[in-house]
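To start, the structure under review is shown below, and the notes come after it.
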Amino acid sequence: MTSLFQTHIEPLYVEYRSLLIAVAYRITGMRTEAEDIVQDLFIHLSTTDWNQQQVINIRAYLIQSTVNRSLNVLESARIKRIDYPGVWLPEPNIEHTYSSTNMNYEALLTESADTSMMLKDDISYAVMVMLDQLTPIERAIFVLRQSFDFPYRDIAVWLDRSESACRKILSRALPKLQEAQSSHSISSEHKLAFTHAFLQATQTGNFSNLLELLKSDIRLYTDGGGKVKSALRPIWDRRRVVSFFNGIANKGSLTGEWSIVWINGEMGLQLQREHVTVAIYSFRYDIHGQVDQIFMISNPDKIR
Numbered sequence: 001m002t003s004l005f006q007t008h009i010e011p012l013y014v015e016y017r018s019l020l021i022a023v024a025y026r027i028t029g030m031r032t033e034a035e036d037i038v039q040d041l042f043i044h045l046s047t048t049d050w051n052q053q054q055v056i057n058i059r060a061y062l063i064q065s066t067v068n069r070s071l072n073v074l075e076s077a078r079i080k081r082i083d084y085p086g087v088w089l090p091e092p093n094i095e096h097t098y099s100s101t102n103m104n105y106e107a108l109l110t111e112s113a114d115t116s117m118m119l120k121d122d123i124s125y126a127v128m129v130m131l132d133q134l135t136p137i138e139r140a141i142f143v144l145r146q147s148f149d150f151p152y153r154d155i156a157v158w159l160d161r162s163e164s165a166c167r168k169i170l171s172r173a174l175p176k177l178q179e180a181q182s183s184h185s186i187s188s189e190h191k192l193a194f195t196h197a198f199l200q201a202t203q204t205g206n207f208s209n210l211l212e213l214l215k216s217d218i219r220l221y222t223d224g225g226g227k228v229k230s231a232l233r234p235i236w237d238r239r240r241v242v243s244f245f246n247g248i249a250n251k252g253s254l255t256g257e258w259s260i261v262w263i264n265g266e267m268g269l270q271l272q273r274e275h276v277t278v279a280i281y282s283f284r285y286d287i288h289g290q291v292d293q294i295f296m297i298s299n300p301d302k303i304r
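Residues 1 to 304 in full-length UniProt numbering are what the sequence shown spells out, letter by letter.
Structural data, given as C-alpha cells:
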C-alpha cells in the first residue's frame, strides 16, 4: 500500500523544500535549525489526518507554517543567546568554492559575474548580521517582502496583520539595514582584489599592507561560540584589526588551505585544515570600497 507521504507529501517536499529552508534560514539566521524546521513540518503533515484537497493553496499553507515555526525558533534562540559567549553571528550559507592554490583570477572574475547573477536574490551576510537588530516581526516582513517579493496581501495573512501595518513595519525596518547594503554597489573586481590582498597577507603573516584598504573605524567580529578562542567583543579601528591578524598569524592560526567561497551571495574566504573547515571570513564594503566590517566565524557548529 502506498503511504500518505509517498502519494501526497513526498512530491510537495521535493518541490518546496529548498524554498522553505531559504525562508526559515533568513528568518532565523540558523541554517541547521532551518533544515530542522522544514523536516519537522513535513513529519507533522505525514502524521496528521490531512487531505491535500482541504488546503486551497498548499504553497501558501507551507510558507505560513514555516514562517510561524521560524518565528517561534527565533524567539527561543534569542532568549538562549543572552548567555552566548562573546559575539553571536549567523550561520553562513556557503556556495561555490575555489581553491587559492590553483586559481585563475581572470576565469574567477567571469565566474564571479555568473555566480553573482545566480545568487542576486540572496541576502548578503552583512545584512543577515544586521537583521538581528530587528524585531522578529520586522525581520519576517523584510525577508518575505524584500528577499522573496511575496505580495503584501499574502504576508498580511501569514502574519495576521493588515497590509497597511506590514507596509509600515517594513518602512520602519529598512533604514536600519541601509548601511549594510552598500556592498552590492562594489564591483567584483574590487572585491577580488581585496580578497587576493588578504590571502597574500595570510601567506606572509604581515597584514600592514591592508591598512589603506580598511576603513579607519572598521569593526572586526569574531564568533568562536566558546568552543574556539576568539575576541569576546568587537575590535574597532584598523590598526587594532591589523594588529589582531598579525598576532594570530604569528601563532600559526592562519595556516591551512585557503579557498575563495561565496557566502550568502558575496565573495569571502574559507580556511580548512585536513579538509575540515576551521574559519569563514566575510567582508563588508562601504560605498567607497573600503572594508568597514569583517566577520570571522570559527564556531565549529556553524561552519561544519
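The beta-carbon is built from N, C-alpha and C at its ideal position, and this holds for glycine as well.
Going by the beta-carbon positions, is the gap between Ile-235 and Leu-220 smaller than 7 Å?
Cβ distance < 7 Å, so Ile-235 and Leu-220 count as in contact.
Of the residues Asn-68, Leu-170, Leu-89, Ile-94, which one's Cα is nearest the Cα of Glu-266?
It is Ile-94.
Under 7 Å, do Thr-66 and Val-14 count as touching if we go by C-beta distance?
No, these two residues do not count as a Cβ contact at 7 Å.
What are the start and end residues of each continuous alpha helix (DSSP H) run of 4 or more residues lying completely inside the segment 218-264, in chain order?
Whole alpha helix (DSSP H) segments, 4+ residues: 238-250.
Among Ala-201, Tyr-285, Leu-232, the one whose alpha carbon lies nearest that of Tyr-84
Of the candidates Ala-201, Tyr-285, Leu-232, the one whose C-alpha sits nearest the C-alpha of Tyr-84 is Leu-232.
Can you tell me where the beta strand (DSSP E) holding Phe-295 begins and where it ends?
The continuous beta strand (DSSP E) containing Phe-295 extends over residues 291-297.
For Arg-172, does the three-state DSSP call read helix, strand or coil?
If DSSP states are grouped into helix, strand and coil, Arg-172 belongs with the helices.
Pull up the distance between the alpha-carbon of Val-87 and that of Ala-140, whole angstroms please.
Cα to Cα, the separation comes out at about 23 Å.
Look up Phe-198 in the DSSP assignment and say whether it is helix, strand or coil.
Note: Phe-198 maps to helix in three-state DSSP.
So Leu-271 is in the beta strand (DSSP E); what residue range does that whole segment cover?
Where Leu-271 is concerned, the enclosing beta strand (DSSP E) starts and stops at 266-273.
Going by the CB atoms, is the gap between Phe-245 and Leu-89 shorter than 7 Å?
Contact: no.
Thr-47 versus Arg-59: straight-line alpha-carbon distance, rounded
Those two C-alpha atoms are separated by around 19 Å.
If you run the structure through DSSP and keep just helix, strand and coil, what is Thr-66?
Secondary structure of Thr-66 (DSSP, three-state): helix.
If you count every other CB in all the chains shown that lies within 10 Å of the CB of Gln-203, and 16 or more means buried, which is it?
Exposed, since its Cβ has fewer than 16 Cβ neighbours within 10 Å.
For Thr-222 and Lys-302, what's the separation of their Cα atoms in angstroms?
In this structure, the CA atom of Thr-222 is about 12 Å from the CA atom of Lys-302.
Any contact of the segment 166-178 with the segment 131-151, i.e. 3+ C-beta pairs under 8 Å?
Three or more pairs of CB atoms, one per stretch, sit closer than 8 Å, so the segment 166-178 contacts the segment 131-151.
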